[in-house]
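If you read the sequences in order, they're chains F and G. Sequential numbering from 36 applies to the first sequence in the numbering used here. Sequential numbering from -2 applies to the second sequence in the numbering used here. Data first, discussion second: the structure below is written as structure tokens.
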Amino acid sequence: MTAADAPTIQDPRDELVEHLPALRAFALSLTRNRASADDLVQDAIVKAWQNMDKFKPGTNLRAWLFTILRNLFYSSRRKSKREVQDSDGAMMATLSEKPEHDGRLAMADFETAFAKLNDEQREALILVGASGFSYEEAADMCGVAMGTIKSRVNRGRARLVELLDLKEDEALELTDKSTMAVVTSRILPNKDFG
Amino acid sequence: MDRDKDKPALERQIEENLRRVYQQNMEEDVPDRFKQLLSKLKSQDARFSEQDNGK
């Protein structure tokens, strides 16, 4: 049972590890809480492992994993609606400490605003805007029509513009600040649920 | 995929920020618990297929 015997057939189970960073980033954008995100990733991996026979080889493994993860997220959200809503407050509290640097401020502002969107808008923006999935793929993953994803993206984006009080001519200035932010800032750890 | 060029500056701006937030999260080290979980799942499978060899 050495891998060298079958070099052409890759077991998708062996590829899971490559998708862990993306799964964690996606989970974090949904839960906005590090501990919850990691629990969610763990559940998704176990579920994916047990259902690997349902994965169609040659299709997008990351999309399949993301689908499992977001379905787990939404079913647990239905069970504990109040707890999930509270994470918003935890995020806000963490970000309220005064950043010393313009770049950090811009990045923290963006994250604070992003955390205020509803789950569906955050999800659509991350899938389409950040992870590079097409509208069609995102619609498949979320089990909704493509128009629904487009409208979530548009509404989420409009809400961010509103929350950040962005104007067309200020956009470039923020780019420079955010570039600095990449160098200087780290994601602030969230507080656990109280 | 040159669709970015047609987007208004604000839209591009927001996507850049989204990608940065996401990218920052992607670059974090994956905690050991996940590697341990994967090897645990793997060894469970191995034990299972030993018992269940004829299938």
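Ideal Cβ positions, reconstructed from N, Cα and C, are used throughout, including at glycine. Model, not experiment: these values are computed from the prediction.
Closest by C-alpha distance to residue i, when choosing among the options
i: Asp26/G; options: Leu65/F, Lys185/F and Asp73/F; result: Asp73/F
i: Leu35/G; options: Phe90/F, Met181/F, His54/F and Asp175/F; result: His54/F
i: Arg157/F; options: Arg9/G, Ala6/G, Pro5/G and Tyr19/G; result: Tyr19/G
i: Lys32/G; options: Leu51/F, Ser64/F, Lys82/F and Arg67/F; result: Leu51/F
i: Leu15/G; options: Ala98/F, Gln77/F, Asp200/F and Ala148/F; result: Ala148/F
i: Ile11/G; options: Phe168/F, Glu155/F, Met142/F and Trp84/F; result: Met142/F
i: Phe145/F; options: Asn106/F, Arg112/F and Gly191/F; result: Gly191/F
i: Ser40/G; options: Arg48/F, Leu201/F, Asn153/F and Asp154/F; result: Arg48/F
i: Arg233/F; options: Gln45/F, Asp154/F, Gln77/F and Lys89/F; result: A query on residue 233/F cannot be resolved here, the shown segment of chain F reaching from 36 to 229 and no further.
i: Leu75/F; options: Pro92/F, Met87/F and Arg112/F; result: Arg112/F
i: Asn22/G; options: Met181/F, Asp200/F and Ile161/F; result: Ile161/F
i: Asp88/F; options: Asp46/F, Asp200/F, Phe168/F and Met181/F; result: Asp46/F
i: Gln77/F; options: Pro92/F, Ser186/F, Phe61/F and Ser115/F; result: Phe61/F
i: Val81/F; options: Arg17/G, Arg30/G and Arg44/G; result: Arg30/G
heavy atom of the ligand ZN below 7 Å from residue i C-beta
i: Leu199/F; result: You won't find the ligand ZN in this model; it holds no ligand whatsoever.
Proximity of residue i and residue j at Cβ, strictly below 8 Å
i: Tyr170/F; j: Val179/F; result: no
i: Val196/F; j: Ala159/F; result: no
i: Met176/F; j: Thr94/F; result: no
i: Ala193/F; j: Ile184/F; result: no
i: Leu63/F; j: Phe108/F; result: no
i: Ala79/F; j: Leu104/F; result: yes
i: Lys166/F; j: Ala70/F; result: Note that residue 166/F corresponds to Ser in the displayed sequence, not to Lys. The answer is no: Cβ separation not under 8 Å.
i: Lys151/F; j: Leu198/F; result: yes
i: Glu172/F; j: Ala98/F; result: yes
i: Leu201/F; j: Leu38/G; result: no
Endpoints, the alpha helix (DSSP H) within which residue i is located
i: Lys82/F; result: Arg69 to Gln85
i: Asn189/F; result: Met181 to Leu199
i: Asn95/F; result: Element bounds for Asn95/F: n/a, residue is neither H nor E.
i: Ala159/F; result: Asp154 to Ala159
i: Glu13/G; result: Ala6 to Met23
i: Ala174/F; result: Tyr170 to Cys177
i: Pro56/F; result: Pro47 to Thr66
Residues of the segment 29 to 40 of chain G whose Cβ lies closer than 9 Å to any Cβ of chain F, in chain order: Arg30, Phe31, Lys32, Leu34, Leu35, Leu38 and Lys39
Residues in the segment 44 to 56 of chain F having any Cβ partner in chain G nearer than 8 Å: Arg48, Leu51, Val52, Leu55 and Pro56
Residues, ordered as in the chain, of the segment 63 to 88 of chain F that lie near chain G by beta-carbon distance below 8 Å: Leu63, Ser64, Asp73, Val76, Gln77, Ile80, Val81 and Trp84
Contacting positions in the segment 10 to 21 of chain G - beta carbon closer than 7 Å to chain F: Gln10, Ile11, Glu12, Glu13, Asn14, Leu15, Arg16, Arg17, Val18, Tyr19 and Gln21
Contact set between the segment 155 to 173 of chain F and chain G, restricted to residues whose Cβ is under 7 Å from the partner: Leu160, Ile161, Gly164, Ala165 and Ser166
Chain G contacts made by the segment 144 to 155 of chain F, where a contact means CB separation under 8 Å: Phe145, Glu146 and Phe149
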